[in-house]
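**Student:**
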Amino acid sequence: MIGSKNDTEGRLLGELIAQVLEGLGLPVERRLGLGPTLIVRSALLSGEIDLYPEYTGNVAFFSATETDPAWKTGDGAYHRAASLDAARGLVWLARAPANNTWLIAVQGRLARERNLATMADFASAVRADLIRLAASTEFVESPAALPSFEAAYGFSLPLSRIVSLPGGDTAVTARAAAEGISGINAGMVYGTDGALAALDLTVMSDPKGAQIVYEPAPVIRADTLDRYPQIRRALDPVFARLDAETLRQLNAAITVEGRTASAVAAEWLGREAGRP
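All residue numbers for the sequence shown refer to full-length UniProt numbering, where the first residue is 1 and numbers rise by one.
(1) Have a look at the DSSP bridge pairing and note the partners of Tyr153.
(2) Using the beta-carbon count (16 or more within 10 Å), is Ile254 buried or exposed?
(3) With respect to the alpha helix (DSSP H) encompassing Arg31, which residues constitute its N-terminal and C-terminal limits?
(4) Alpha carbons only, please: which of Met1, Gly3, Glu9 is nearest the one belonging to Asn251?
(5) What whole-angstrom Cβ distance do Glu215 and Arg95 have, given they're in contact under 8 Å?
(6) Roughly how many angstroms lie between the CA atoms of residue 306 and Ala125, to the nearest whole one?
(7) Taking the alpha-carbon positions, what's the Ala134 to Leu90 distance?
(8) Strictly by DSSP, which residues pair up with Ile5?
(9) Measure the beta-carbon distance from Thr202 to Val264 and round it to whole angstroms, keeping in mind my assumption that it falls under 8 Å.
(10) Please tell me whether Leu157 and Ala174 are closer than 8 Å, where the distance is taken between their beta carbons.
(11) Taking the alpha carbon of Thr37 as the point to measure from, which residue in Gly57, His79, Ala240 has its own alpha carbon closest?
(12) Quick check: what's the CA-CA separation for Ser182 versus Val163?
(13) In terms of alpha-carbon separation, which member of Leu24, Tyr52, Ala77 lies closest to Ala222?
(14) List the whole-angstrom C-beta distance separating Ala123 from Lys208, where the pair is believed to meet the contact cut-off of C-beta under 8 Å.
(15) Just verifying my parser: in three-state terms, what is the DSSP assignment at Val106?
(16) In angstroms, rounded to a whole number, what distance separates the CA positions of Ala111 and Met119?
(17) Thr246 to Leu12, Cα distance in whole Å?
(18) Per DSSP, which residues does Glu54 bridge with? Please list them.
(19) Please return the same chain residues whose Cβ sits closer than 7 Å to the Cβ of Trp102, not counting the five positions on each side in sequence.
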């Protein structure tokens, strides 16, 4: 039984996993779009599902270890997640080299005019009172999100320059930045959001690694993997090819072009099957 969260990328990754396992001739039941993180995680731990795609950095919050510096690098986050979850009877398969962490994107026109490319540039724009940000309440208040950026890059964005939204839908914050709604010119986004290029947004890079790393990987119950060890051999090379640009393109095919996750996953797997 394969689960996923109820977001675009969760459904896409769940479909990729399901179709690969069907290709092995295994019986597959989908429970894609099962719910938010904690519901899907609980379903895995209880044995209600056998595997689902999760992000390495989320284990920092499951284990209340988010201040551990290991979470700030790809290798560190992956090995820390795998080690902590092994005690819970879970196995992390190979991760995708795609960091879907919190980031900030700036309206393309403003980024080009002011040469904004990094969070250091963004900090300078904040100090010049040029930025009005749309973000979720969690992003604004969580010590691991905006406050972490502020501490790393030496700026403070006044609450009067932030439009705080109760949900975490980056489609809303990204569109607000792109369209300049209520004077907004920057928005909270995730690293592999599909609509970034279409909306003409420039993502600010995070050279100081202020954010926890969130790379996706299939997490499977150890007893299920013991029964079907071929799952690792089949999924590891698939996820190894899902870099950030690839995920952005696949997500865009769903969110921008309106295609189904099933069709997008099948087409990509078909193309990959023909590559050496």
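Idealized CB from N, CA, C, for every residue including glycine.
**Tutor:** By the coordinates alone:
(1) According to DSSP, Tyr153 bridges with nothing at all.
(2) With 16 or more other Cβ atoms from the protein chains shown falling within 10 Å of its own Cβ, Ile254 counts as buried.
(3) For Arg31, there is no enclosing alpha helix (DSSP H); the residue is part of the beta strand (DSSP E) that begins and ends at 30-35.
(4) With distances taken between CA atoms, Asn251 lies nearest to Glu9 out of Met1, Gly3, Glu9.
(5) The beta-carbon separation of Glu215 and Arg95, rounded to 4 Å, stays under the 8 Å limit for a contact.
(6) This structure cannot settle anything about residue 306, because the visible part of the chain is limited to 1 through 276.
(7) Their backbone Cα atoms lie some 36 Å apart in a straight line.
(8) Before going further, note that residue 5 is Lys rather than Ile in the sequence given. Paired residue(s): Gly35.
(9) Not really, about 25 Å apart at Cβ, beyond 8 Å.
(10) Contact flag unset, no.
(11) Of all alpha-carbon atoms in Gly57, His79, Ala240, the one lying nearest the alpha-carbon of Thr37 is that of Gly57.
(12) The alpha-carbon separation between Ser182 and Val163 amounts to approximately 9 Å.
(13) Considering only alpha carbons, the answer is Tyr52.
(14) Between Ala123 and Lys208 a beta carbon distance of about 11 Å is seen, past the 8 Å cut, so the two are scored as non-contacting.
(15) Note: Val106 maps to strand in three-state DSSP.
(16) Cα to Cα, Ala111 sits roughly 12 Å from Met119.
(17) Answer to the nearest angstrom: the Cα atoms are 12 Å apart.
(18) Answer is Ala217, bridged to Glu54.
(19) The answer, listed in chain order, is Phe139, Ala145, Met188, Tyr190, Gln211.
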